[in-house]
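Student: Numbering (my numbering), first residue to last: 1 to 453. Virtual Cβ for every residue (Gly too), placed ideally from N, Cα, C.
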C-alpha cells in the first residue's frame with residue numbers, strides 16, 4: 001500500500017498535478033504552477049529510489065518474518081552442534097468415587113474430579129553425549145481432602161507449582177554414565193518408575209514409604225550424583241547404579257548440624273530382552289506385549305548419623321518379567337532405622353541402641369490384549385502391603401519411621417490408545433490402615449484419562 005501511494009505521488013508530481021483532485025485546487029502545493037524538466041528528472045530519480053528501497057524493505061521484511069516463523073516451527077536438530085530441545089507435558093485427570101474413607105465413622109458416597117498429576121518441562125541435548133531434563137509439577141488441583149486414596153489437595157488458590165526434577169546425564173560410553181542434579185535415587189523399582197508408566201491405577205505402598213524413608217519427601221527426589229552403566233550381550237544384560245545424595249529434609253537431618261550423605265547401589269541382571277536399549281534412569285512396567293525377558297535386581301542404601309537417627313538404611317530386591325502379553329512385577333524391601341536412646345534407670349549403660357525394621361512388598365500382574373487396530377486393552381491387578389515395626393505407644397505404628405501396617409488391593413482395566421502416551425483406565429481400589437482402627441478401611445472406584453506429550 002505504501003509503494004502504491006508513492007507511485008501515485010511520483011506520477012502526479014512529474015505531470016505537474018498535486019495529489020489532490022484537479023477540481024479541488026492546489027493552492028498549498030509547492031509545485032502548483034508546474035515544474036521544470038530538470039526538477040522532473042530529479043524528482044523522478046528520488047521517488048524511484050524511495051520506491052525501490054520500500055519494495056526491497058517490504059520483501060526483506062516478509063522474508064525475515066518467514067524465516068522467524070520457520071525457526072519457531074522447526075525444532076532444533078541434534079545435528080546442529082549436537083543440541084536439541086523438546087517440551088514435555090504429562091497429565092492425569094481422575095474421577096474418584098469414594099465408597100468409604102479412613103477415619104470416617106459412616107459409609108460415604110462422594111464423587112471428586114481432579115488433576116491427580118501434572119508435569120510440564122523440557123528435555124533435550126546440550127551436546128551429543130550430554131542430555132538434560134527439567135520438570136515442574138502441579139498436583140491435586142481440585143481434589144477434595146475427604147476423597148479416598150493417595151495424594152494431597154492443592155490449596156484453594158491452586159498456587160502449588162514446584163520444581164519436580166532437574167538433572168543432566170553425561171554418557172561417556174554405555175558402561176559409564178554420570179547423572180547429576182535433583183533426581184531419584186536408583187533404588188526400589190516402584191519408586192524409580194514413573195506413575196505414568198505403571199500398570200496400576202495408583203502407585204503401590206512400595207513407593208510412598210520408601211520415598212519418605214530415603215529422602216523425606218513425596219517426590220522422591222534429592223540433590224545428588226549417580227554413576228551407572230548398561231552392558232548388553234546376546235541373551236542377557238547387566239545394569240548397575242551407584243549414587244551419593246545430600247539429604248536435606250528436616251525430617252531426616254533436623255537442622256543439619258550433624259549430617260551424613262546417603263549412598264545407594266543397585267545391580268540388575270536380565271535374561272532375554274533387555275529393559276532398555278540404552279542406559280537411562282527412567283523405567284516402565286509393561287512393554288505392551290513386545291518384550292520377552294526377566295530382570296532380577298538387588299539394591300540398597302546407607303546413611304550415617306544425623307540429628308534424627310544413628311543410621312538409616314534400605315535393602316530390597318525386585319523382579320520384572322515380561323513375556324509376550326504377560327507382565328509381572330514383584331518387589332520386597334526392608335527399611336531399617338536406628339537411634340541411640342538414653343536410659344535413665346540403668347546402672348550399666350547410659351544409652352542403648354534401638355533398631356527398627358519396616359517391611360514393604362508389592363505384587364503386580366497384567367495381561368495385554370492386542371487389538372487389530374494397534375490399541376491395547378490391559379487387564380491389571382495389584383496387591384501391596386506394609387508391615388511396620390511395632391515401636392512406640394500406638395499399635396501397628398512405628399513412631400521412629402512413621403510407618404504403619406497397611407495393605408491395598410486393586411483390579412481394573414487400562415485402554416491404551418497409544419501405549420501409555422494416551423490412556424483411559426478404570427480400577428476398583430480398596431485397603432486398610434490398621435493404626436486408624438476402627439475406621440481403618442477405604443474403597444473407591446477410579447476412572448482416569450492420561451496423556452504424555
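(1) Please state if the CB of residue 307 and the CB of residue 253 are separated by a distance shorter than 8 Å.
(2) Run through DSSP, which three-state label would residue 436 get?
(3) Do residue 362 and residue 284 come within 8 Å of each other at the CB atom, strictly closer than that value?
(4) Give me the Cβ distance between residue 495 and residue 88, rounded to the nearest whole Å; I'm assuming they're in contact under 8 Å.
(5) Between residue 110 and residue 445, what straight-line distance do the alpha-carbon atoms span, to the nearest angstrom?
(6) What separation, rounded to the nearest whole angstrom, lies between the Cα atoms of residue 278 and residue 230?
(7) Relative to the alpha-carbon of residue 381, which residue among 393, 129 and 366 has its alpha-carbon at the smallest distance?
(8) Around the C-beta of residue 408, are 16 or more other C-beta atoms found within 10 angstroms, so that it is buried, or is it exposed?
(9) Report all residues from its chain with a CB closer than 7 Å to the CB of residue 338; omit the five preceding and five following residues, and keep chain order.
(10) Roughly how many angstroms separate the alpha carbons of residue 147 and residue 247, rounded to a whole number?
(11) Is it the case that the Cβ atoms of residue 206 and residue 376 are separated by a distance below 8 Å?
(12) Please check the pair residue 264 and residue 187, which I expect to be a contact at CB under 8 Å, by giving their CB distance rounded to whole angstroms.
(13) Taking residue 302 as the reference, which of 400, 295 and 315 has the closest Cα?
(14) So what's residue 207 in DSSP terms, helix, strand or just coil?
(15) I need the boundaries of the beta strand (DSSP E) containing residue 450, first residue and last residue.
(16) Would you list the one or two residues that DSSP bridges to residue 303?
(17) From residue 336 to residue 321, what distance separates their C-alpha atoms?
(18) Would you kindly work out how many angstroms separate the C-alpha atoms of residue 90 and residue 425, rounded to a whole number?
(19) Does the Cβ of residue 22 have 16 or more other Cβ atoms within 10 Å, making it buried, or fewer, making it exposed?
(20) For residue 154, tell me which candidate among 452, 163, 162 and 142 has the shortest Cα-Cα distance.
(21) Looking only at DSSP bridge pairs, what is residue 427 linked to?
(22) What residues in its chain sit with their C-beta under 6 Å from that of residue 152, if we drop five residues either side in the sequence?
(23) As a quick exercise: from 412, 401 and 386, pick the residue whose alpha carbon is nearest that of residue 432.
(24) Does DSSP classify residue 250 as helix, strand or coil?
(25) Out of 288, 318 and 291, state which residue places its alpha-carbon closest to the alpha-carbon of residue 300.
(26) Which same chain residues end up closer than 6 Å to residue 189 when comparing Cβ atoms and leaving out the 5 residues on each side of it in sequence?
(27) Taking 8 Å as the threshold (C-beta atoms), are residue 94 and residue 116 in contact?
(28) DSSP beta-bridge partners for residue 406?
(29) Check each candidate in 395, 197 and 182 and name the one with the smallest Cα separation from residue 419.
(30) What three-state label does DSSP hand residue 100 in the structure shown?
(31) What separation, rounded to the nearest whole angstrom, lies between the Cα atoms of residue 220 and residue 164?
(32) Buried or exposed: where does residue 290 fall if 16 or more other Cβ atoms within 10 Å of its Cβ makes it buried?
(33) Residue 170 to residue 101, Cα distance in whole Å?
(34) Using 8 Å as the threshold, is the C-beta distance between residue 271 and residue 240 below it?
(35) What residue range is occupied by the uninterrupted beta strand (DSSP E) comprising residue 190?
(36) State yes or no: is the C-beta of residue 421 within less than 8 Å of the C-beta of residue 378?
Tutor: Once the coordinates are examined:
(1) yes
(2) Residue state, collapsed to three classes: helix.
(3) Going by C-beta atoms, residue 284 is not nearer than 8 Å to residue 362.
(4) Because residue 495 is not part of the residues shown, which for the chain are 1 to 453, the question remains open.
(5) Distance between the alpha carbons of residue 110 and residue 445 is about 11 Å.
(6) 7 Å
(7) 366
(8) buried
(9) Contacts found: 309, 310, 311, 353, 354 and 355.
(10) 32 Å
(11) Result no, Cβ atoms of residue 206 and residue 376 do not sit closer than 8 Å.
(12) 5 Å
(13) 315
(14) helix
(15) Where residue 450 is concerned, the enclosing beta strand (DSSP E) stretches over 441-452.
(16) 262 and 312
(17) Answer to the nearest angstrom: the Cα atoms are 28 Å apart.
(18) Spanning the two alpha carbons is a distance of roughly 16 Å.
(19) Any reading at residue 22 needs caution, since the residue's pLDDT is 41, under 50, leaving its predicted position unreliable; the model's value is listed next. Looking at its Cβ environment, which holds fewer than 16 other Cβ atoms inside 10 Å, residue 22 is exposed.
(20) When each option's Cα is compared against that of residue 154, the closest is 142.
(21) 412 and 446
(22) 140
(23) 386
(24) helix
(25) 318
(26) 318 and 331
(27) yes
(28) 386 and 433
(29) 197
(30) strand
(31) 9 Å
(32) exposed
(33) Taking the straight line from one Cα to the other gives about 46 Å.
(34) no
(35) It is not in any beta strand (DSSP E) - residue 190 instead sits in the alpha helix (DSSP H) that spans 189-192.
(36) no
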